[in-house]
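Read through the structure below, which is laid out as C-alpha cells, and then see the notes.
2 protein chains.
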Amino acid sequence: MKIQLALDRLSIEEAIEMGKKTQACVDILEVGTSLIKDYGLESLSRIRAAFPHKVILADLKTMDEGEYEFRAAFTHGADLATVMGAASIDTVKICYRVAEEYGRSVMIDLLETPKEKLEFLTCFPKAVFCLHTPKDSGIRELSQELKEFVHRYPQMRRLAVAGGIRLDDVPSLSAFPVEILVVGSAISQERDPEAAARRFWAAVGNEGVRHV
Amino acid sequence: MKIQLALDRLSIEEAIEMGKKTQACVDILEVGTSLIKDYGLESLSRIRAAFPHKVILADLKTMDEGEYEFRAAFTHGADLATVMGAASIDTVKICYRVAEEYGRSVMIDLLETPKEKLEFLTCFPKAVFCLHTPKDSGIRELSQELKEFVHRYPQMRRLAVAGGIRLDDVPSLSAFPVEILVVGSAISQERDPEAAARRFWAAVGNEGVRHV
Numbered sequence: 030m031k032i033q034l035a036l037d038r039l040s041i042e043e044a045i046e047m048g049k050k051t052q053a054c055v056d057i058l059e060v061g062t063s064l065i066k067d068y069g070l071e072s073l074s075r076i077r078a079a080f081p082h083k084v085i086l087a088d089l090k091t092m093d094e095g096e097y098e099f100r101a102a103f104t105h106g107a108d109l110a111t112v113m114g115a116a117s118i119d120t121v122k123i124c125y126r127v128a129e130e131y132g133r134s135v136m137i138d139l140l141e142t143p144k145e146k147l148e149f150l151t152c153f154p155k156a157v158f159c160l161h162t163p164k165d166s167g168i169r170e171l172s173q174e175l176k177e178f179v180h181r182y183p184q185m186r187r188l189a190v191a192g193g194i195r196l197d198d199v200p201s202l203s204a205f206p207v208e209i210l211v212v213g214s215a216i217s218q219e220r221d222p223e224a225a226a227r228r229f230w231a232a233v234g235n236e237g238v239r240h241v
Numbered sequence: 030m031k032i033q034l035a036l037d038r039l040s041i042e043e044a045i046e047m048g049k050k051t052q053a054c055v056d057i058l059e060v061g062t063s064l065i066k067d068y069g070l071e072s073l074s075r076i077r078a079a080f081p082h083k084v085i086l087a088d089l090k091t092m093d094e095g096e097y098e099f100r101a102a103f104t105h106g107a108d109l110a111t112v113m114g115a116a117s118i119d120t121v122k123i124c125y126r127v128a129e130e131y132g133r134s135v136m137i138d139l140l141e142t143p144k145e146k147l148e149f150l151t152c153f154p155k156a157v158f159c160l161h162t163p164k165d166s167g168i169r170e171l172s173q174e175l176k177e178f179v180h181r182y183p184q185m186r187r188l189a190v191a192g193g194i195r196l197d198d199v200p201s202l203s204a205f206p207v208e209i210l211v212v213g214s215a216i217s218q219e220r221d222p223e224a225a226a227r228r229f230w231a232a233v234g235n236e237g238v239r240h241v
C-alpha cells in the first residue's frame with residue numbers, strides 16, 4: 030500500500046516544507062484542491078520543482094473542461110490528476126484520453142458518484158478509483174464500503190481510499206487490495222509530521238525509511 | 030434576465046480587459062473555474078479590485094470542503110460562489126450557511142446532479158439554481174430541460190442557465206423565468222466582445238447600455 034500525503038490548507042512554502050519533512054515515508058505528494066484553488070497551477074509547478082523525482086498528484090476534482098484542466102496539470106508536472114466520478118462520462122473519457130496521451134494516470138474520485146455511473150466507470154481499466162468519504166459529512170463506514178465495492182466491481186483493480194484516514198484505520202484497510210492510502214491531517218496536522226508519516230509507513234508494512 | 034459573463038481560459042490581465050470592454054452590457058462578472066484553478070484566488074481579488082461595484086461570481090464548483098472554499102471566495106470579494114448540486118447535501122448546506130453568514134449568495138450548479146439529489150435541493154430557497162449543459166458533452170436540449178425543471182420544481186425560483194449559450198438561444202429561453210443567463214465564448218471569443226455583449230444585452234430586453 031502506497032502512502033499519498035495530501036498537502037492542503039497550507040501556503041506553497043509550507044507545503045514544500047511538509048513534503049521535505051515527510052518524503053522518506055511518502056510515495057505520492059498530492060497538491061490538494063485547496064492549494065490549486067488558492068494559488069493556482071503555480072502550486073503544482075513549484076512543488077514539482079522542489080521534488081523532481083517524486084510522484085505528484087494534482088487534486089483537480091475536475092467536473093467539466095476535462096481536456097483543458099488535465100493538459101494544464103500534466104504540463105505543470107503532475108503524474109496523476111483527479112476527475113470526479115460524479116462528472117459526466119464524457120468528461121471522464123476526455124481526462125482518461127489526455128492522460129493516455131501524456132503517459133500519465135487518472136484517479137477517479139468516487140465522492141458522491143451515483144451507482145448508475147459506477148457501472149460505466151468500469152470501462153476505464155487503468156484508472157485509479159478513489160473511495161472517498163467527504164470531509165463535510167461525518168459518516169465513516171469505509172471498511173464496509175470497501176468490502177461491498179471490491180465485491181461489486183472486481184474489474185476496478187487499482188484502488189485508493191481517502192477522507193479523514195487515521196493511523197488506526199490501517200489494519201482494517203490492509204485486508205483489502207488498496208493501492209494508495211491518502212492521508213491528510215493525520216500527518217500534516219500532527220505536531221511531528223515526520224514521525225506521523227513514519228508510523229503510517231511502518232503500519233502499511235514498509236521496513237525502514239527510503240533514501241530520497 | 031441578467032447577463033453573466035464567464036471569464037475563462039484567459040490571463041488575469043486579459044480577463045480584466047474583457048470585463049472593461051463588456052461591463053456596460055454585463056450584470057455579473059464570473060471568475061471562471063479555469064481562472065481560479067490556473068491562478069488561484071488572486072484572480073478573484075484582482076478582478077474584484079478592478080471592478081469594485083460589479084457583482085462578481087466565483088465559479089468554485091465546490092465538491093467538498095465547503096466552509097474553507099466559500100469563506101476564501103467571500104473574503105476575496107465574491108458576491109456569489111458556486112457549489113455543485115452533485116456534491117453531498119452536507120457540502121451544499123455548509124456553503125449555504127456560509128453564504129448566509131456573509132450576506133452573499135450561493136449558486137448551485139446542477140451539472141450532472143442526480144434526480145434524487147434535486148429533491149433535497151428544494152430546501153435552499155434563496156439559492157440560484159444553474160441548469161448547466163457540460164462543455165464536454167455535445168447535447169443541447171436546454172429548453173426542454175428547463176420546461177421540465179420549472180414544472181417539476183416550482184419552489185426553485187431563482188434560475189440560471191449555462192453551457193455554450195448562443196445569441197439565438199435567447200428567444201426560447203426568454204419564455205422561462207430565468208434570472209441569469211451565463212454566457213462565455215459567445216461573447217469572449219467573438220472578434221468584437223463589446224458588440225457581442227451589446228447584442229445579448231438587447232436580446233434579453235434591455236434598452237441602451239448602462240453607465241458604469
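Chains as they are written, first to last, in the numbering used here: chain A, 30 to 241; chain B, 30 to 241.
Glycine included, C-beta positions come from ideal geometry on N, C-alpha and C.
Answer yes or no: do residue i and residue j have a C-beta to C-beta separation smaller than 9 Å?
i               : j               : result
alanine 53/B    : alanine 225/B   : no
leucine 39/A    : glutamate 59/A  : no
threonine 120/A : glutamate 94/A  : yes
threonine 72/B  : isoleucine 41/B : Note that residue 72/B is serine in the sequence shown here, rather than threonine. Yes, these two residues count as a Cβ contact at 9 Å.
valine 157/B    : isoleucine 76/B : no
leucine 147/A   : serine 117/B    : no
methionine 30/B : valine 233/B    : yes
glutamate 129/B : lysine 90/B     : no
Below 8 Å on C-beta distance, what does residue i contact in chain B?
i               : result
aspartate 108/A : The contacting residues do not exist; aspartate 108/A stays about 18 Å from chain B at best.
In chain order, what residues of the same chain lie with their CB nearer than 7 Å to the CB of residue i, ignoring the 5 residues before and after it?
i               : result
glutamate 96/A  : Ile123 and Val127
tyrosine 131/A  : Phe103
glutamate 223/B : Lys50 and Thr51
glycine 21/A    : Shown here, chain A extends from 30 to 241; a query on residue 21/A therefore has no answer.
glycine 213/B   : Ala35 and Asp37
Would DSSP call residue i helix, strand or coil?
i                : result
serine 117/A     : coil
aspartate 138/B  : strand
histidine 105/B  : coil
isoleucine 216/B : helix
glutamate 98/B   : helix
isoleucine 194/A : coil
histidine 82/B   : coil
aspartate 67/B   : helix
cysteine 54/A    : helix
glutamate 59/B   : strand
Under 9 Å between beta-carbons, which chain B residues line up against residue i? List them in chain order, please.
i                : result
aspartate 69/A   : It should be pointed out that residue 69/A corresponds to glycine in this sequence rather than to aspartate. By Cβ distance, chain B contributes Leu64, Ile65, Lys66, Asp67, Tyr68, Gly69, Leu70, Glu71 and Ser72.
methionine 113/A : Met92, Met113, Ala115 and Glu141
proline 163/A    : Met92, Asp93, Glu94, Ala116, Ser117, Asp119 and Thr120
Which residues of chain A have a Cβ atom closer than 8 Å to the Cβ of residue i, listed in chain order?
i              : result
arginine 38/B  : Tyr97
proline 222/B  : Those do not exist, as proline 222/B stays about 20 Å from chain A at its closest Cβ, beyond 8 Å.
threonine 51/B : Simply none; closest approach about 21 Å.
aspartate 88/B : Correct list: empty, because the minimum Cβ distance to chain A is about 10 Å.
Which residues of chain B have a Cβ atom closer than 7 Å to the Cβ of residue i, listed in chain order?
i             : result
leucine 140/A : Met92 and Asp93
If I measure Cβ to Cβ from residue i and keep anything under 6 Å in the same chain, skipping five residues before and after, which residues do I get?
i                  : result
serine 172/A       : Ser201
arginine 195/A     : Ala215
phenylalanine 99/B : Ala110, Cys124 and Val127
methionine 136/B   : Leu109, Thr111, Val157 and Cys159
By the criterion of Cβ-Cβ separation under 7 Å, what are the contact partners of residue i in chain A?
i             : result
proline 143/B : Pro143
Suppose the cutoff is 8 Å on Cβ atoms and the five residues either side in sequence are ignored; what does the same chain contact list for residue i look like?
i               : result
threonine 151/A : Tyr182, Gln184 and Met185
alanine 101/B   : Leu70
The ligand MN heavy atoms versus the CB of residue i: any closer than 8 Å?
i               : result
glutamate 130/A : Within the structure as shown, the ligand MN is missing, as the structure has no ligands at all.
With 8 Å as the limit, tell me which residues of the segment 90-107 of chain A have their beta carbon closer than that to any beta carbon of chain B; keep them in chain order. Taking 8 Å as the cut-off between beta carbons, the residues of the segment 90-107 of chain A near chain B are Lys90, Met92, Asp93, Glu94, Gly95, Glu96, Tyr97, Glu98 and Ala101, in sequence order.
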